[in-house]
Amino acid sequence: MQRLRQIPTLLLTWYRQNKRDLPWRNNPTPYEVWVSEIMLQQTRVEAVKPYYERFIQELPNVWALATCEEEKLLKLWEGLGYYSRVRNMQKTAQTLIANYDGVFPKDRERLVTLSGIGEYTAGAIASIAYQQPCSAVDGNVLRVISRLLANPTPIANVAYRKQMAEELTAVYPNEGEACAEFTQSLFELGALVCKPKNPNCTACPLAEICEANRQNKQTLYPVKQEKRAKRDESVYVFVIQTPEGFCIRRRDTGVLKGMNEFPSVVSHGEGVEGALFALGIDEYREVKRQRFTHIFTHIRWDMTCVWIRTDVAPFDAYALDEIKESISLPTAFRQCLRIVEDV
Ligand code: SF4
């Protein structure tokens, strides 16, 4: 605990001199903190910036988000993946309007009752937007604190994360801007200095109090459990060209359920003809095929993308430009557009 108490003073001075200028850092509203934090889960800061700016421009507040048409919403999210997140965000926006006059509650206890808002996001909103003494423990923070304390507890351990969140909350500045800065300073240290592979301890404001640094065992922490092996799946993806355009349908099962796709079939060795038959197509001409891969959290897709022409559209068909500009397609399927573009 003594080590933790020393962090704010050391880190805040460093943060004020070294923080990056990010679009969600300029006196953000709770809505802006929320949008940025959801986008930043699993996606790099540089990649998030244009998404964030476009999203906030199109949907600047909970009212705009709550009433946004699904297709537009998914299009704004296209490329970020994890589409359930933006759907949960819309549900939360609707709940906020129905139950909270469109205003985010200030306390963590009520924030975590909202769809898609967990302990971490609640802590970020409470501390950054409402300047409350409330920690937000993400992967960066877990890494910094695990190293600082040379704590061998696996970071997947829920009790450990909870305890860390409580102990950090106890050492927060009392209230005000310093609370917002302290949360962000921990994120920033993890992102810029205490990096996963090559921590730059010589530039670290916590070096003198860091136990892993003292032992020169930085990369032993945080302790992680073995990752679950990814499952391989072979998938046919059909770019079906008809006189009306290219076919798109909604996925009704499996990964990316509810999202648009070029019609696809998981292959069990039946070949292209059998897979097309399963889609109700028995007369067609194959134009080209190309292999792609896409990696999800637990699945690796080996995709055989096949461009075919057929006279009757078995699904809704759209012009190529419309697909590119207005239809949301997850990255796994969007890359298949290359098959018609690279000719
Ligand atoms: S001294 Fe090194 S290991 Fe410790 S917190 Fe700083 S960067 Fe991380």
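Throughout, our numbering is defined as the position within the sequence shown, counted from one, plus 1. For each residue, glycine too, the CB sits at the ideal point set by N, CA and C. Every value quoted in this text rests on a predicted model; they were computed, and no experiment measured them.
In the same chain as residue 318, and ignoring 5 residues on each side of it, the C-beta atoms closer than 7 Å to its own belong to 243, 245, 246, 247 and 248, in chain order.
Exclusion of the five residues before and after residue 223 leaves 143, 144, 147 and 156 as the residues of its chain whose Cβ lies within less than 6 Å of its Cβ.
Boundaries of the beta strand (DSSP E) harbouring residue 247: 246-248, taken from the DSSP string. Distance from the CA of residue 133 to the CA of residue 299, rounded to the nearest whole angstrom, comes to 37 Å. Cβ neighbours of residue 119 within its own chain (closer than 8 Å, five residues either side excluded): 113.
Cβ contact annotation for residue 37 (same chain, cutoff 6 Å, sequence separation greater than five): 25 and 53, in chain order. Taking non-hydrogen atoms of ligand 1 into account, the C-beta of residue 208 is found less than 6 Å away from one of them. Between residue 61 and residue 130, the CB-CB gap reaches or exceeds 7 Å.
The closest CA to that of residue 11, considering only 207, 301, 27 and 70, is found on 207. Going by DSSP, residue 341 is part of the alpha helix (DSSP H) stretching over 339-342. A Cβ-Cβ contact shorter than 7 Å links residue 40 with residue 49. The closest heavy atom of ligand 1 lies less than 6 Å from the beta carbon of residue 213.
In terms of Cβ geometry, residue 89 and residue 117 form a close pair [threshold 7 Å]. Counted as a single uninterrupted DSSP element, the alpha helix (DSSP H) harbouring residue 332 occupies residues 332-335. Here DSSP, grouped into helix, strand and coil, assigns residue 240 to strand. For residue 142, the CB stays at least 6 Å from every heavy atom of ligand 1. For residue 34, the secondary structure class from DSSP, reduced to helix, strand or coil, is helix. Closer than 6 Å to some heavy atom of ligand 1: that describes the Cβ of residue 202. Shown here for residue 44: same chain residues with a beta carbon closer than 7 Å to its own, the five before and five after excluded, namely 81 in chain order. For ligand 1, no non-hydrogen atom lies closer than 6 Å to the CB of residue 224. Where residue 291 is concerned, the enclosing beta strand (DSSP E) starts and stops at 286-296. At a Cβ-Cβ threshold of 7 Å, residue 7 and residue 210 count as neighbours. Taking 7 Å as the cut-off, the Cβ atoms of residue 308 and residue 325 do not count as close. Counted as a single uninterrupted DSSP element, the stretch harbouring residue 301 is not any alpha helix (DSSP H) but the beta strand (DSSP E) occupying residues 300-310.
Set against 6 Å, the gap from the CB of residue 148 to the closest heavy atom of ligand 1 is smaller. Secondary structure at residue 319: strand, using DSSP grouped into helix, strand and coil. Spatial neighbours of residue 74 in its own chain (CB-CB distance under 7 Å, excluding positions within 5 residues in sequence) are listed in chain order as 87 and 91.
Straight across, the Cα-Cα distance linking residue 239 with residue 68 is about 33 Å. Around the beta-carbon of residue 295, 16 or more other beta-carbon atoms lie within 10 Å, marking it buried. As a beta-bridge residue in DSSP terms, residue 251 pairs with 261. In this chain, residue 134 is not harboured by any alpha helix (DSSP H), its DSSP state being neither H nor E.
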